[in-house]
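All letters in the sequence shown, in the order written, are residues 12 to 96 by the working numbering. Worksheet: the structure to be examined is printed underneath.
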Amino acid sequence: MKRIFLFLITNIAIMLVITIIINIFGLGQVLDEQGVGLDLTSLLMLSAVVGMTGSFISLALSKTMAKHSTGAYVIEQPRNEQEQW
Numbered sequence: 012m013k014r015i016f017l018f019l020i021t022n023i024a025i026m027l028v029i030t031i032i033i034n035i036f037g038l039g040q041v042l043d044e045q046g047v048g049l050d051l052t053s054l055l056m057l058s059a060v061v062g063m064t065g066s067f068i069s070l071a072l073s074k075t076m077a078k079h080s081t082g083a084y085v086i087e088q089p090r091n092e093q094e095q096w
């Protein structure tokens with residue numbers, strides 16, 4: 012539960028920082044003046060979906076890649092006292 016909470020808080024904090032930067036630099040107003048008509052809310056939502064999807068993919072691959080790169084294996088049936096510890 013704590014991991015999920017931290018994951019969500021981190022992603023929300025990133026989106027908040029992006030929103031603040033867009034507002035500080037007035038990106039929305041500049042785009043409106045040039046007639047671009049970009050919906051920044053939709054862009055932020057799409058960024059959140061893509062970012063979280065990438066995070067989940069990275070999380071799913073990290074354990075397998077770490078085990079493969081280090082030659083580690085999961086001890087399911089301990090063979091001696093040290094493995095049992």
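From the three backbone atoms N, C-alpha and C, an ideal C-beta is built for every residue, glycine too. Nothing here was measured: the structure is a model prediction, and the numbers come from that model.
- For the 8 angstroms CB-CB criterion, Asn22 and Ala59 form a contact.
- Between the stretch 43 to 53 and the stretch 69 to 83 there are fewer than three inter-stretch CB-CB distances shorter than 8 angstroms, so the stretches are not counted as touching.
- The criterion of a C-beta distance shorter than 8 angstroms is not satisfied by Leu55 and Ile32.
- The DSSP assignment places complete alpha helix (DSSP H) segments of no fewer than 4 residues inside the stretch 23 to 47 at 38 to 44, in order along the chain.
- Using a Cβ distance threshold of 8 angstroms, Phe18 and Ser66 count as a contacting pair.
- If the five residues before and after Gly39 are omitted, its C-beta is found closer than 6 angstroms to the C-beta atoms of Leu51, all from its own chain and listed in chain order.
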